[in-house]
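To get this note's numbering, take the position in the sequence shown, counting from 1, and add 6.
Every residue gets a Cβ at the ideal spot worked out from N, C-alpha and C, and that includes glycine.
Because the structure is a prediction, the values reported are computed rather than measured.
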Amino acid sequence: MLAAMANSQAISSVFVYGSLMADDVVRVLLNRVPPSSPATLHNFHRFSIKGRVYPAIVPVENKKVDGRVLQGITLPEMDILDNFEDVEYERRTVDVTLMDSSQILQADAYVWVDKNDPNLYGEWNFEEWKILHMKDFMKMTMGFMEELEQPDSKTRVATYESFYNQEGKN
């Protein structure tokens, strides 16, 4: 029992660079907004994805991605984030530089699995996403969390696709 309790308190840092930079999205997923710091991930690029409103990062020499490091993420919270990021991403340990102190920190980041995906293009813009997509994305995320509590829950990709397909028909 003690090992399980200690295990649930294991703490991680997670570098976020897309929808999870929005406190409201994080609050829906984790039921709190953990402390965070602005950070930069070097030698990666943040792409838009054709047909998706969220971005992907893949390794690209001499590029950088600005984002945030969420600190104090527990193992149960990591499970939620893993489910949310689903099969399109793999969690990797990366070195990020904190913008306020230049300190280099190891953090987990969700990296797009298919680095040669032909649907990756351009540069994803967080400010534009907040204006154009955040409201609907919040609804989808709430639906994902309700679904996650069901015994036969759908994956996040399935939740996303059914939400956005249904939205398109209205």
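Which of helix, strand or coil does DSSP assign to R33? helix
Distance, Cα to Cα, Y166 vs M105? 32 Å
Would you list, in sequence order, the uninterrupted beta strand (DSSP E) runs of no fewer than 3 residues that lie entirely inside the stretch 75 to 155? 95 to 104 and 110 to 118
Sorted by chain position, which residues of the same chain lie with C-beta nearer than 6 Å to I86's C-beta, five sequence neighbours on each side aside? L35
Helix, strand or coil for V39 per DSSP? Coil.
Going straight from the alpha carbon of V22 to that of Q156, what length do you get? Rounded to the nearest angstrom, the two C-alpha atoms are 26 Å apart.
K121: which of A45, E67 and M151 sits nearest, CA to CA? Cα-wise, what sits closest to K121 is E67.
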